[in-house]
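Let me begin by presenting the structure, written as structure tokens, before commenting on it.
There are 2 protein chains.
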Amino acid sequence: MHELRKDPILSRWVAVLKDSMPPTFYLEKNIEHVMYDAENNDCILCQGSEDKTPPEIFAIREIGTPPNASNWHTRVIPKINPVFQIEGDLGRKGNGMYDKMNSIGANEIIIESPSHNTPPEDMGISQMIKVITTYKNRLSELEKDPRLRYTLIYKDCGKTAGELFHHPHSQVIATPVIPKGIKGELDGAKAYFYYKERCIFCDILNEEIRTGERIIMETDHFIAFIPYAPRFPFEYWIMPKRHNCAFQDISEEEVKDLSLVLMTTMKKMRTLFKNPSYNYVLHTAPNRMPRKDHWHTLGEDFHWHMEITPYLVTKSGFEWDAEFYILTTSPEDAAKYIKEV
Amino acid sequence: MHELRKDPILSRWVAVLKDSMPPTFYLEKNIEHVMYDAENNDCILCQGSEDKTPPEIFAIREIGTPPNASNWHTRVIPKINPVFQIEGDLGRKGNGMYDKMNSIGANEIIIESPSHNTPPEDMGISQMIKVITTYKNRLSELEKDPRLRYTLIYKDCGKTAGELFHHPHSQVIATPVIPKGIKGELDGAKAYFYYKERCIFCDILNEEIRTGERIIMETDHFIAFIPYAPRFPFEYWIMPKRHNCAFQDISEEEVKDLSLVLMTTMKKMRTLFKNPSYNYVLHTAPNRMPRKDHWHTLGEDFHWHMEITPYLVTKSGFEWDAEFYILTTSPEDAAKYIKEV
Chain A
1 MHELRKDPIL SRWVAVLKDS MPPTFYLEKN IEHVMYDAEN NDCILCQGSE
51 DKTPPEIFAI REIGTPPNAS NWHTRVIPKI NPVFQIEGDL GRKGNGMYDK
101 MNSIGANEII IESPSHNTPP EDMGISQMIK VITTYKNRLS ELEKDPRLRY
151 TLIYKDCGKT AGELFHHPHS QVIATPVIPK GIKGELDGAK AYFYYKERCI
201 FCDILNEEIR TGERIIMETD HFIAFIPYAP RFPFEYWIMP KRHNCAFQDI
251 SEEEVKDLSL VLMTTMKKMR TLFKNPSYNY VLHTAPNRMP RKDHWHTLGE
301 DFHWHMEITP YLVTKSGFEW DAEFYILTTS PEDAAKYIKE V
Chain B
1 MHELRKDPIL SRWVAVLKDS MPPTFYLEKN IEHVMYDAEN NDCILCQGSE
51 DKTPPEIFAI REIGTPPNAS NWHTRVIPKI NPVFQIEGDL GRKGNGMYDK
101 MNSIGANEII IESPSHNTPP EDMGISQMIK VITTYKNRLS ELEKDPRLRY
151 TLIYKDCGKT AGELFHHPHS QVIATPVIPK GIKGELDGAK AYFYYKERCI
201 FCDILNEEIR TGERIIMETD HFIAFIPYAP RFPFEYWIMP KRHNCAFQDI
251 SEEEVKDLSL VLMTTMKKMR TLFKNPSYNY VLHTAPNRMP RKDHWHTLGE
301 DFHWHMEITP YLVTKSGFEW DAEFYILTTS PEDAAKYIKE V
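Just so you know, the sequences run in chain order A and B.
Under full-length UniProt numbering, the first residue of the first sequence carries the number 1, and numbering increases by one thereafter.
Under full-length UniProt numbering, the first residue of the second sequence carries the number 1, and numbering increases by one thereafter.
Pasting the structure below:
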């Protein structure tokens, strides 16, 4: 027996199975288990191979070491075959009834660790703080380019999730338009704000704390929870308690706390499913969205957060095309299973 | 070098590679090749196994044969573990700040052929006409239930596409809400109609015929073409020339012509990629959308069509989450390759 649930931000209905499947159901299926147990001398992202990559754009490194030398903690390099390129103008044009423009933007690889075989959830809190700080740097820097409307930071881990390298890394894509998946979320949050005069994410935060049944972890500054109507079983979100639309305005205290929550929850999820492939995506406000101006409500209707999705199931054509997802484990059961690990 | 293109209906930007990859690029990759060369005595959808399925809902069969006997051409049965069920009331309810309802609807399997091992594109025109006629029957019947808002007919072929059975079949899902993927298309077409007072699909049809560069096939009643900004390489659409929002109002002439276009284009696509997994989805107006009333413009802003998607690539997290697709073959090249087969 299923029940239908509506995602309050996107107005997307999903069907949730009430006689929920336990995590063992997914392990029986053919899910990809991502192993990090081998060194790889050919890996160009490893420490010592700095001369095999394009020159670095940014790095957190040992004091006194020059760019592109060893002894770094995190390192940002351009993607080798980029889809978006930084040089040129936007070239917005009509083409008969259609519209096109040049593929202006940024494509960067964030190397999360000098070491090839340390899973992100085991890298240690001080390293994770450096990764999060690198995210903050890229968002702050790319926001300065007036041609770029959005900066997306995401991580693909495992072949099913479309990973590029096996070495721990994230990716940055900055685009001259707002990607449709993000636009839908921004529009949904704006419509709610117009109707309620409250941030929908703040309301979700309060509702999740009130019921508690979908929460995986709570700290001073964050909650991690399974959303009420997710796309996939065991998809979870990490959301700051303080209202803030832009990730780059995160405080030092919050960076520490986020590192702890991200590592702890990923470790639990990894243990439960024997390290499945997954991705996570940082959802933040568009570039240059005015947020300091106290005369207007701009920035009041969005709230940055992270969405983490393990790949445990194969989508059908119905899910693909109609965007009507079928959940085989209820969010409440999924939260309980992850919490108990 | 990529260029960005905007889908005019969904306002979704995609990146299109201009130094386009030829079809051989996809064959080198690990795409699934769906074979139909074996009989299967255990298949419950085969002729002769009628007693192993739930009783049929509808069938096109030899004159004089009783329901659930052999000698049928197409047969519709309920899905065995349905997500949606026909009995009960909608039970719309609040749940704190969230919304839910009962999973009322229909889940049906359309068996397209009595024979296990005939690919749809080789079943012959008279059999394909019966399949299309069965689609028309299901849409007309399910539309009568006032609880159901939308009926989606789709086909998953191959494991990658999420197929349920290997025997040629399509599926019907009728839902008490409009699935988000369809809603976005309806809203986009409505916004265009509001602005231009013309059907966006009619405009696309005229534009595609005018330029001709993305057309695969044209007949008296239909065009088959690669859309200007698709999600996937070699995705193509079949669209009737006559403006008509609802598939169930298709004429007999159009049924014949559609059968020819669907079989011919699928045969070309199958030959080009050695039978990849694919799905197709029939996009039609919501149930009971008023369309006969000449006082109003209802039904003037939508235009039924079919979308056919071969699975040649794996999506990355960026494509998944941000819905920003990267096309490795341009629509113009893809149309040329399919047309030339």
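No residue lacks a Cβ here, since even glycine has one placed at the ideal position from N, Cα and C.
Next item on the list: Please report the Cβ distance between residue 147 (chain A) and residue 108 (chain A), rounded to the nearest whole angstrom; I am assuming they are in contact, meaning their Cβ atoms lie under 8 angstroms.
Entry: Residue 147 (chain A) sits at position 147 when you count from the first residue of the first sequence. Residue 108 (chain A) sits at position 108 when you count from the first residue of the first sequence. Between residue 108 (chain A) and residue 147 (chain A) the Cβ distance is about 16 angstroms, and since that is not below 8 angstroms, they are no contact.
Margin query: Using a 10 Å radius around the Cβ and a threshold of 16 neighbouring Cβ atoms, would you call residue 270 (chain A) buried or exposed?
Written below: Translated into the one-based positions of the first sequence, residue 270 (chain A) becomes position 270. Its Cβ being crowded by 16 or more others within 10 Å, residue 270 (chain A) is buried.
Note to self: Check whether the segment 244 to 253 of chain B and the segment 307 to 321 of chain B touch, using three or more Cβ-Cβ pairs below 8 angstroms as the test.
What the structure shows: No, they do not touch.
Notebook entry, point to check: Is the shortest distance between the beta-carbon of residue 320 (chain A) and the beta-carbons of chain B less than 9 angstroms?
Noted result: On the first sequence, residue 320 (chain A) is found 320 positions in, with the first residue counted as 1. Taking Cβ atoms only, chain B reaches closer than 9 angstroms to residue 320 (chain A), which makes this a yes.
Check: Rounded to whole angstroms, how far is the Cβ of residue 166 (chain A) from the Cβ of residue 130 (chain A), which I believe are closer than 8 angstroms?
Finding: As a working note, residue 166 (chain A) is residue 166 in the first sequence. As a working note, residue 130 (chain A) is residue 130 in the first sequence. 20 angstroms between Cβ atoms; not a contact.
Item checked: Within chain A, partners of residue 96 (chain B) - CB distance below 8 angstroms -> If you number the second sequence from 1, residue 96 (chain B) lands on position 96. Within 8 angstroms Cβ-Cβ: 207, 210, 211.
Notebook entry, point to check: Listing by chain order, which chain A residues have their CB less than 7 angstroms from the CB of residue 12 (chain B)?
Noted result: Here residue 12 (chain B) refers to the residue found at position 12 of the second sequence. Correct list: 180.
Check: Since residue 203 (chain B) meets chain A, which of its residues come closer than 7 angstroms, beta carbon to beta carbon?
Finding: Sequence index remark: in the second sequence, residue 203 (chain B) carries index 203 (1-based). What residue 203 (chain B) touches in chain A: 97.
Checklist line | residue 52 (chain B), DSSP secondary structure in three states | finding: Within the second sequence, the letter at position 52 stands for residue 52 (chain B). Reduced to three states, the DSSP call for residue 52 (chain B) is helix.
Notebook entry, point to check: Quick one: Cα of residue 328 (chain B) to Cα of residue 181 (chain A), how far?
Noted result: For this step, residue 328 (chain B) is matched to residue 328 along the second sequence. For this step, residue 181 (chain A) is matched to residue 181 along the first sequence. Roughly 20 angstroms separates the two Cα atoms.
Item checked: Cα-Cα separation, residue 106 (chain A) to residue 151 (chain A) -> In the first sequence, counting from the first residue as 1, residue 106 (chain A) sits at position 106. In the first sequence, counting from the first residue as 1, residue 151 (chain A) sits at position 151. In a straight line, the C-alpha of residue 106 (chain A) is about 9 angstroms away from that of residue 151 (chain A).
Check: Which residue or residues does DSSP assign as beta-bridge partners of residue 169 (chain B)?
Finding: Counting from one through the second sequence, the residue named residue 169 (chain B) turns up at place 169. DSSP output for residue 169 (chain B) lists B:111 as bridge partner(s).
Check: residue 122 (chain A) lies in the alpha helix (DSSP H); which residues open and close that run?
Finding: Position 122 of the first sequence holds residue 122 (chain A). Careful: residue 122 (chain A) lies outside any alpha helix (DSSP H) and carries neither H nor E.
Margin query: Can you tell me whether residue 103 (chain B) is buried or exposed? The criterion is at least 16 other CB atoms within 10 Å of its CB, across all chains shown.
Written below: Here residue 103 (chain B) refers to the residue found at position 103 when the second sequence is read from its first residue. That one is buried.
Next item on the list: Quick one: residues in its chain with C-beta nearer than 6 angstroms to the C-beta of residue 285 (chain A), no 5 flanking neighbours on either side, listed in chain order?
Entry: As a working note, residue 285 (chain A) is residue 285 in the first sequence. If we look at residue 285 (chain A) and ignore the five residues flanking it on each side, its Cβ neighbours are 245, 246, 302.
Next item on the list: Can you tell me which of B:98, B:95, B:91, B:136 puts its alpha carbon nearest to the alpha carbon of residue 110 (chain B)?
Entry: The count along the second sequence starts at 1 and reaches residue 110 (chain B) at position 110. Nearest of B:98, B:95, B:91, B:136 to residue 110 (chain B), Cα basis: B:136.
Notebook entry, point to check: Taking DSSP as the reference, what is the three-state secondary structure of residue 157 (chain B)?
Noted result: On the second sequence, position 157 is the one that residue 157 (chain B) refers to. Here residue 157 (chain B) sits in strand by DSSP.
Item checked: Minimum C-alpha distance to residue 164 (chain A) - residue among A:241, A:81, A:26 -> Taking the first sequence and counting its residues from 1, one reaches residue 164 (chain A) at position 164. The residue with the shortest Cα to Cα distance from residue 164 (chain A) is A:81.
Notebook entry, point to check: In chain A, which residues lie with their C-beta within 8 angstroms of the C-beta of residue 102 (chain B)?
Noted result: What you label residue 102 (chain B) is simply residue 102 of the second sequence in a count that begins at 1. Within chain A, the residues near residue 102 (chain B) are 3, 4.
Next item on the list: Might you give, ordered along the chain, the residues of its own chain that have their beta carbon closer than 7 angstroms to the beta carbon of residue 140 (chain B), omitting 5 neighbours on each side?
Entry: As a working note, residue 140 (chain B) is residue 140 in the second sequence. So the qualifying residues of the chain are 248.
Check: Looking only at DSSP bridge pairs, what is residue 194 (chain A) linked to?
Finding: Residue 194 (chain A) sits at position 194 when you count from the first residue of the first sequence. Bridge pairing for residue 194 (chain A): absent [DSSP].
Checklist line | Short CB-CB distance (under 9 angstroms) between residue 159 (chain B) and chain A | finding: Translated into the one-based positions of the second sequence, residue 159 (chain B) becomes position 159. Answer yes: the Cβ-Cβ gap between residue 159 (chain B) and chain A drops below 9 angstroms somewhere.
Check: Do the segment 224 to 243 of chain A and the segment 2 to 11 of chain A touch if we need at least three Cβ pairs shorter than 8 angstroms?
Finding: yes
Checklist line | residue 217 (chain B) versus residue 339 (chain B) - alpha carbon distance | finding: For the purposes of this step, residue 217 (chain B) is taken as residue 217 along the second sequence, with counting starting at 1. For the purposes of this step, residue 339 (chain B) is taken as residue 339 along the second sequence, with counting starting at 1. If I take the Cα positions, the gap works out to 7 angstroms.
Checklist line | 9 angstroms Cβ cutoff, residue 41 (chain A) in contact with chain B | finding: Within the first sequence, numbered from 1, the residue matching residue 41 (chain A) stands at position 41. Answer no: the Cβ-Cβ gap between residue 41 (chain A) and chain B never drops below 9 angstroms.
Next item on the list: Report yes or no: is there a C-beta of chain D within less than 9 angstroms of the C-beta of residue 152 (chain A)?
Entry: Of the protein chains in the structure, A and B, none is chain D.
Note to self: Rounded to whole angstroms, what is the Cα-Cα separation between residue 267 (chain A) and residue 310 (chain A)?
What the structure shows: To locate residue 267 (chain A), count along the first sequence from 1; it is residue 267. To locate residue 310 (chain A), count along the first sequence from 1; it is residue 310. Taking the straight line from one Cα to the other gives about 12 angstroms.
Check: What residues match up with residue 326 (chain B) in a beta bridge as DSSP calls it?
Finding: The residue given as residue 326 (chain B) occupies position 326 in the second sequence. DSSP output for residue 326 (chain B) lists B:15 as bridge partner(s).
Checklist line | Unbroken stretches of the alpha helix (DSSP H), 4 residues or longer, contained in the segment 123 to 150 of chain A | finding: 125 to 142
Check: Candidates A:96, A:161, A:18: which alpha carbon is nearest residue 332 (chain A)'s?
Finding: Position 332 of the first sequence, counting from 1, holds the residue named residue 332 (chain A). It is A:18 whose Cα lies nearest to the Cα of residue 332 (chain A).
Note to self: Quick check: the Cα distance between residue 78 (chain A) and residue 43 (chain A), rounded to an integer number of angstroms?
What the structure shows: For this step, residue 78 (chain A) is matched to residue 78 along the first sequence. For this step, residue 43 (chain A) is matched to residue 43 along the first sequence. In this structure, the alpha-carbon of residue 78 (chain A) lies about 16 angstroms from that of residue 43 (chain A).
Next item on the list: Determine the chain B residues that contact residue 162 (chain A) at a beta-carbon separation under 9 angstroms, and present them in chain order.
Entry: Here residue 162 (chain A) refers to the residue found at position 162 when the first sequence is read from its first residue. Simply 314, 315, 316, 317, 318, 319, 320.
Check: What is the rounded straight-line gap between the Cα of residue 236 (chain B) and the Cα of residue 47 (chain B)?
Finding: Position 236 of the second sequence, counting from 1, holds the residue named residue 236 (chain B). Position 47 of the second sequence, counting from 1, holds the residue named residue 47 (chain B). Going by the C-alpha atoms only, they are around 32 angstroms apart.
Check: residue 8 (chain A) versus chain B: which residues are under 7 angstroms apart at the beta carbon?
Finding: Reading the first sequence from its first residue, position 8 is the one you call residue 8 (chain A). In chain order: 97, 98.
Next item on the list: Report yes or no: is there a C-beta of chain B within less than 9 angstroms of the C-beta of residue 79 (chain A)?
Entry: As a first step, residue 79 (chain A) must be located in the first sequence, where it is residue number 79. It does not: the Cβ of residue 79 (chain A) has no partner Cβ on chain B nearer than 9 angstroms.
Item checked: Continuous beta strand (DSSP E) stretch holding residue 206 (chain B): start and end -> Here residue 206 (chain B) refers to the residue found at position 206 of the second sequence. Counting along the chain, residue 206 (chain B) falls outside any beta strand (DSSP E), though it belongs to the alpha helix (DSSP H) covering 200 to 211.
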